[in-house]
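Residue numbers (the working numbering), protein chains in the order written: chain W, 1 to 143; chain U, 1001 to 1147.
Quick look at the structure:
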């Protein structure tokens, strides 16, 4: 499964369009992750404040969304472009890759909420594919 | 037996009582067919599913979307025994329709996305959790009679 040229344009255009609210998207997506899928809290046991609207969660959501935007800029070579991030997730963070899928779903729910008109099925499928490919690139160094 | 909190019961009843089934059903099914194109395998006699525009304009898809959502209503009205409520439908999907039960999960995800779009900010994280828990029970019940 790979992105067609047309889909790459759709993804770049859409993320450019919503970039002014990227912090909000990231914060909200991560908050949802830990509320809707409480098992994901296991990765954040070192934070004192695990409340969804608290500082650490929102700040980290912004960081993660920054990573998504980095992936958009490297859309033509995700495996190569995300090598460092992959090493981080593989050797340091050791996040089970199943969670990438869950987070992708949360990101798309937030996109759908905030951009109901724009997040059409055509854009949804391109973004879904893109996030799946980002997840694959992040898992590249796992084994 | 699934345990529902008062918040979860109230949330599910509220979402579905405010929902326009004739809008959400077709939107969810057509989105599923676009986002997960392999699901089209079950709709060979639905005519033109050639591209996203065709799918979204297809009257048979729309009609079936309404059917599916009205089927979901049964679970909304029988939250304390969704398993029994869907026993017959599970057999139907397994024996007659031969639908891979993973498709129920895909449709549930698309339904979540559509409901999020309709509800906007009202689709809070707690509401999402309740909604997805409800759909997970439905999906599990529909897959229960497969053997």
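From the three backbone atoms N, C-alpha and C, an ideal C-beta is built for every residue, glycine too.
query: Indicate whether at least one CB of chain W lies closer than 8 Å to the CB of residue 1013 of chain U.; result: no
query: Spatial neighbours of residue 57 of chain W within its chain, please: C-beta separation below 6 Å, excluding the five flanking residues on both sides.; result: 30 and 31
query: Answer with yes or no whether the minimum CB distance from residue 1126 of chain U to chain W is below 8 Å.; result: yes
query: Using a Cβ-Cβ distance under 8 Å, would residue 1031 of chain U count as near chain W?; result: yes
query: For residue 1095 of chain U, count the other beta carbons within 10 Å of its own beta carbon; 16 or more makes it buried, fewer makes it exposed. Which is it?; result: exposed
query: Between residue 20 of chain W and chain U, is any beta-carbon pair separated by less than 8 Å?; result: no
query: What residue from W:140, W:129, W:138 and W:111 has the CA that sits closest to residue 1 of chain W's CA?; result: W:129
query: DSSP on residue 140 of chain W, reduced to helix/strand/coil?; result: coil
query: Mind listing which residues of the segment 105-129 of chain W have their C-beta closer than 7 Å to chain U's C-betas, in chain order?; result: 105, 108, 109, 112, 113, 116, 119, 121, 122, 124, 125 and 128
query: Measure the C-alpha to C-alpha separation of residue 1029 of chain U and residue 48 of chain W and round it to an integer number of angstroms.; result: 42 Å
query: Quick check on the burial criterion: 16 or more other C-beta atoms within 10 angstroms. Buried or exposed for residue 1026 of chain U?; result: buried
query: Measure the Cβ-Cβ separation of residue 138 of chain W and residue 25 of chain W and say whether it is below 8 Å.; result: no
query: List, in chain order, every chain W residue whose beta-carbon is nearer than 8 Å to that of residue 1109 of chain U.; result: 105
query: By alpha-carbon positions, which one of U:1099, U:1073 and U:1114 ends up nearest to residue 105 of chain W?; result: U:1114
query: Taking the runs of the alpha helix (DSSP H) that are 4 residues or longer, which of them lie wholly in the segment 1040-1102 of chain U?; result: 1052-1057, 1059-1077, 1082-1085 and 1087-1091
query: Using a Cβ-Cβ cutoff of 8 Å, what residues of the segment 46-75 of chain W are near chain U? List them in chain order.; result: 52
query: When burial is assigned at 16 or more other CB atoms within 10 Å of the CB, is residue 1045 of chain U buried or exposed?; result: exposed
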